[in-house]
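First up is the structure itself, then whatever we jot down about it.
Number of protein chains: 2
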Amino acid sequence: MAGDTRARILESATDLFGIRGVDAVSLDTIAADVGVAKQTLLYWFESKDDLVQAVLVQTAGQLAVVIEAAIRASSDDPLDRIEAVVRAVFRPAVRRPSLLGLIGQVSRLAPEVAERFHDELRPLVHRAVVYLRVEMDRGRVRAGDPRLIAALCYATVTGVATEPEALRGVGWLPNTAELRRLRTELLAFLRAALTPAS
Amino acid sequence: MAGDTRARILESATDLFGIRGVDAVSLDTIAADVGVAKQTLLYWFESKDDLVQAVLVQTAGQLAVVIEAAIRASSDDPLDRIEAVVRAVFRPAVRRPSLLGLIGQVSRLAPEVAERFHDELRPLVHRAVVYLRVEMDRGRVRAGDPRLIAALCYATVTGVATEPEALRGVGWLPNTAELRRLRTELLAFLRAALTPAS
DNA sequence: ACATCTCTCTACCATATGGTAGAGAGATGT
DNA sequence: ACATCTCTCTACCATATGGTAGAGAGATGT
């Protein structure tokens, strides 16, 4: 209880920002959710932008940890490894839509905030690109521009993970069982797209 | 000039909402952009929500027209036809990011507004699903749940098309030539994912 | 005992924003 | 000539919101 106020603010803000949108959530709303006064938020974070940035940096950090763990635990085969990473990213994203829901908003946030987030993501992306290039050279992943292939995988996974509501809206995803089937289909889809041409 | 005020408002609002975000753009901003007083906006649209809804409905309508045209002009082969549709959707999305930029915001808008947009999109989705099912039965598209495959294609294309800024942020897309290469890679990616297993 | 640091509170404010009230200019129908 | 309709304007307001001012309670170091 004592000393964890900052962490509780971050957690609450992550969920609220991710689900309702950064602009739609006021400091008062977050404060009420955490159970403190608004000024307490402004003691811990200089401004709302500062809070948004902290949320994004933390989220990126958690994503990185999850991905690292998935990579270490996976087999050497690149398609299996990619599947493991996608599963790892998809799991928290489905349980807690806010995590990836934030990502869809980044490009519309204050430039410095967005930049700070991208700083955090860049090393991850760089590693993925290098990895893809190596495996393409080995012929274990379908040839192509590794940067663009990485971008496509990223777009597909975040597209699916960040917009469950949008997909629900047009009648695609009535429940979580359906969501699991979507994940399965996504993995087959990516595998087919990445398997080297015989 | 006379009588086109409503259309000019819609066009300006589409761009501003799509690029900066619905919440970040005030009625005053739009009015200044169009060159009229704010009240003029409120003469043509009951409220900001009403304007947002009109923008979304128009956007969905334009997408539908573009897609219909692409389908009619394409060959009978399903992979070619899908490629034609993706090209058709991608083109205006790249030239005018606002068009698809809006889509990423739908799930966070007022429920009635989002619902109205989904109403517009549903028939398109339904057609796509029916089409995929038929071609899967014929063995001309890789087997799978047609609804989920449609969802994946949708997620991939919108993911790529709506987040050029995000992709740019992590160092992927410095210019339009790169964007064209991304489109080419996207088409190969989708083709590989949808080609029936031999 | 005192000073300092950590943390949270109440009270308040300036500004932005969606929306209202109501007038009026010009075109069109009868 | 008059009424009505279309369209746009100025002036104004209520509210939400990010942020400031400044106090004070409790813990910790010397």
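Sequence order for the protein chains is A and B. Per numbering that gives the first Met the number 0, residue 0 is the first one in the first sequence, and the count goes up by one each step. Per numbering that gives the first Met the number 0, residue 0 is the first one in the second sequence, and the count goes up by one each step. Built from N, CA and C at the ideal position, the CB exists for glycine as well. Source: prediction; values computed, not measured.
Do the CB positions of L9/A and Q52/A come within less than 9 Å of each other? Remark: C-beta atoms of L9/A and Q52/A do not approach each other more closely than 9 Å.
Contact list for the segment 115–144 of chain B against chain A, Cβ threshold 7 Å: H117, L120, R121, V124, R141, G143 and D144
Under 9 Å, Cβ to Cβ, is there at least one residue of chain A near F188/B? yes
Count the other C-beta atoms from every protein chain shown that fall within 10 angstroms of the C-beta of V133/A, then say buried if there are 16 or more, exposed otherwise. If you draw a 10 Å sphere on the C-beta of V133/A, you find fewer than 16 other C-beta atoms in it, and that means exposed.
Separation of P122/B from P195/B, as counted between CA atoms: 26 Å
Completely contained beta strand (DSSP E) runs for the segment 28–97 of chain B, where each covers 3 or more residues: Under the rule that a run must span 3 or more residues, no beta strand (DSSP E) segment is found entirely inside the segment 28–97 of chain B.
Determine the contact status of L147/B and V140/B, defining contact as a CB-CB distance below 9 Å. Contact: no.
With a 10 Å radius around its C-beta and 16 neighbouring C-beta atoms as the bar for buried, classify G60/A as buried or exposed. Residue environment analysis places G60/A among the exposed positions, since fewer than 16 neighbouring C-beta atoms fall within 10 angstroms of its C-beta.
Could you give the residue range of the alpha helix (DSSP H) that holds T13/A? Segment T4 to R19, the alpha helix (DSSP H) holding T13/A.
CB of L15/A within 9 Å of CB of T28/A, strictly: yes
May I ask you to report which of helix, strand or coil DSSP gives R141/B? R141/B: coil per DSSP, three-state reduction.
Please check if any C-beta of chain A sits within less than 9 Å of the C-beta of T13/B. no
Taking C-beta to C-beta, are V24/B and T4/B nearer than 9 Å? no
Could you have a look at T183/B and say whether DSSP puts it in helix, strand or coil? helix
What in chain B is Cβ-close to V33/A, meaning under 9 Å? Neighbourhood of V33/A in chain B, by CB distance below 9 Å: empty, with the nearest CB roughly 21 Å away.
So for T194/B, helix, strand or coil by DSSP? coil
Shorter than 9 Å from the beta carbon of Y153/B to some beta carbon of chain A? yes
List, in order along the chain, the chain B residues whose C-beta lies closer than 9 Å to that of R180/A? D144 and L147
Through-space distance from F89/A to L151/B, alpha-carbon basis: 14 Å
Compare the C-beta of I193/A with all C-beta atoms of chain B and state if any pair is closer than 9 Å. Reading off the sequence, residue 193/A comes out as Leu, not Ile. Chain B contact via Cβ: present.
Can the beta-carbon of T13/B be found less than 9 Å from the beta-carbon of L108/B? no
Under 7 Å Cβ to Cβ from M0/B, same chain only, skipping five residues before and after it: list those, please. For M0/B, the pLDDT reaches just 43, beneath the cut-off of 50, and the residue's location in the model is therefore unreliable, although a value from the coordinates is still provided. No residues qualify anywhere along the chain.
Closer than 9 Å between beta carbons: that is the criterion. Which residues of the segment 19–31 of chain B meet it against chain A? R19, G20, V21, D22 and A23
Neighbourhood of E149/A by C-beta, 7 Å cutoff - its chain only, sequence neighbours within 5 removed: The sequence shown places Ala at residue 149/A, rather than the Glu named in the question. Within the same chain, A149/A has close Cβ partners V124, A127, V128 and L131.
So the alpha helix (DSSP H) L200/B belongs to, where does it begin and stop? Within the shown structure, residues of chain B are numbered from 0 to 197, placing residue 200/B beyond reach of any answer.
So, for V21/B: in the same chain, excluding its five sequence neighbours on each side, which residues have a beta-carbon less than 7 Å away from its beta-carbon? V51, Q104 and L108
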